[in-house]
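Novice: One structure, pasted below without further comment.
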Amino acid sequence: MAQSIGFIGLGIMGQPMALNLVKAGYKVTAFNRTRGKAEAIEKAGAAVVASPAEAARHADVVYIIVSDTAAVEEVVTGKGGILETLRSGAIVIDSSTISPGVSRKLACMSAGKGASWLDAPVTGSKHGAEKGELTFMIGGDRDVLDRAMPVLQALGKKHIYCGAHGSGLSAKLAQNVIQSTMVEIFCEGLVLATKAGVRPETMMEIIQGSMARATLTDFKAPFIFRGDFTPYFPLKLMHKDLELAMEAAYAQNVPMPTAAAVKEVYGTAKAQGKGDLDYAAVVTFLEETAGVKVRTS
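Take 605 as the starting number for the sequence shown in my numbering and just add one per residue.
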């Protein structure tokens with residue numbers, strides 16, 4: 605079992621994940637671009653350093669979970685990036701949702717240092733990260749996954765091997781296309797019903813008694829009805845993932861007409877300044893356009 609972990613990225617997902625690794629007994633050295641977000645992990649017993657390179661210097665496993673493709677490239681290849689100190693034999697686990705093509709490139713660059721790379725995006729949102737109950741979609745060499753499994757088991761309850769480098773990310777993008785579309789069309793239906801005079805709680809009772817019921821919308825509905833859009837997964841990141849999915853679809857000649865329309869809805873909501881809210885805040889764009897609010901109080 606790897607004893608030393610360099611952890612990079614202490615955002616909504618990263619901070620509880622890093623805390624779980626400390627609780628599991630790993631020696632964690634953490635880096636976050638905003639130093640203030642590292643206070644909780646430092647109090648828990650982790651070391652906090654000034655660069656990704658310092659986090660990776662003595663690490664058996666380097667764990668990355670940052671916002672987007674550019675951020676991953678910066679912490680890997682930029683000045684003070686992990687490639688400056690990455691040890692031969694180390695494993696890099698990247699749980700950021702980024703371009704599969706860029707991930708494959710970074711895997712090759714890590715291999716040049718004698719290190720291994722896994723793309724391991726997650727689903728389960730903030731509450732799953734806090735409980736250590738995330739689901740992982742993993743791409744890379746299977747033997748590397750076997751070596752990394754003790755670390756991943758401290759973070760999640762399900763670890764699904766998808767295939768070669770980039771395949772975990774391809775699966776994650778497909779999953780987020782489905783998830784974002786489910787929430788957006790759920791919100792469209794709620795707004796339509798509310799505008800017609802059907803109470804939101806009545807509409808929810810109908811949905812839950814029909815084939816349209818889904819665990820995702822059961823979870824999101826109470827937040828929508830309260831107007832509470834505290835971010836479990838920010839809208840701007842969902843929009844980013846939809847853009848990545850559309851790029852992948854174009855490259856592979858896969859038609860995605862519904863996803864293209866949904867991407868524009870999220871993009872409009874983001875342009876209206878809703879990007880830092882939970883992605884369920886897409887309902888507010890629909891509400892404002894229709895002139896009605898879906899609220900139970």
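Idealized CB from N, CA, C, for every residue including glycine.
In whole angstroms, give me the CA-to-CA distance for valine 795 and glycine 618.
Specialist: Those two C-alpha atoms are separated by around 34 angstroms.
Novice: Just the Cα atoms here: how many angstroms apart are serine 699 and arginine 637?
Specialist: Roughly 17 angstroms between the two C-alpha positions.
Novice: Where does glutamate 737 land, buried or exposed, given buried means 16+ other C-beta within 10 angstroms?
Specialist: Exposed.
Novice: Helix, strand or coil for alanine 651, going by three-state DSSP, please let me know.
Specialist: Alanine 651: strand per DSSP, three-state reduction.
Novice: Per DSSP, lysine 631 forms a beta bridge with which residues?
Specialist: In the DSSP output, where bridge partners are listed per residue, lysine 631 has Ser608.
Novice: For aspartate 750, report the span of its alpha helix (DSSP H) as first-last.
Specialist: That run of the alpha helix (DSSP H) goes 746-757.
Novice: According to DSSP, simplified to helix, strand and coil, what is aspartate 882?
Specialist: Aspartate 882 falls in the strand class under three-state DSSP.
Novice: Might you give, ordered along the chain, the residues of its own chain that have their beta carbon closer than 6 angstroms to the beta carbon of asparagine 857, omitting 5 neighbours on each side?
Specialist: Cβ within range, chain order: n/a, list empty.
Novice: With a 10 Å radius around its C-beta and 16 neighbouring C-beta atoms as the bar for buried, classify histidine 843 as buried or exposed.
Specialist: By the neighbour-count rule (16 or more Cβ atoms within 10 Å), histidine 843 is buried.
Novice: May I ask which residues mark the beginning and end of the beta strand (DSSP E) holding phenylalanine 740?
Specialist: That run of the beta strand (DSSP E) goes 738-743.
Novice: Compute the beta-carbon to beta-carbon distance between phenylalanine 837 and serine 707, rounded to the nearest angstrom, for a pair I have assumed lies under 8 angstroms.
Specialist: No, phenylalanine 837 and serine 707 are not in contact; Cβ-Cβ is about 20 angstroms, not under 8 angstroms.
Novice: Which stretch, first to last residue, makes up the alpha helix (DSSP H) that contains lysine 843?
Specialist: In the sequence under discussion, the amino acid at residue 843 is histidine, which differs from the lysine named in the question. Here the alpha helix (DSSP H) through histidine 843 covers 839-855.
Novice: Apart from the five residues just before and just after alanine 885, which ones in its own chain have a Cβ nearer than 8 angstroms to its Cβ?
Specialist: Excluding sequence neighbours, alanine 885 sits near Phe833, Leu839, Ala873, Lys878.
Novice: How long is the line joining the alpha carbons of alanine 818 and glutamine 812, rounded to whole angstroms?
Specialist: Alanine 818 and glutamine 812: Cα-Cα distance of roughly 8 angstroms.
Novice: Decide yes or no for the touch test of the region 797-804 against the region 861-873: beta carbon pairs closer than 8 angstroms, at least 3 of them.
Specialist: No, they do not touch.
Novice: What do you get for tyrosine 630, buried or exposed, if any count of 16 or more other CB atoms within 10 angstroms of its CB means buried?
Specialist: The residue is buried, with at least 16 neighbouring Cβ atoms inside 10 Å.
Novice: Report yes if the C-beta distance between isoleucine 612 and phenylalanine 635 is below 8 angstroms; otherwise report no.
Specialist: Contact: yes.
Novice: Can you grab the Cα-Cα spacing for the pair alanine 752 / isoleucine 695, in whole Å?
Specialist: Computed Cα separation, rounded: 7 angstroms.
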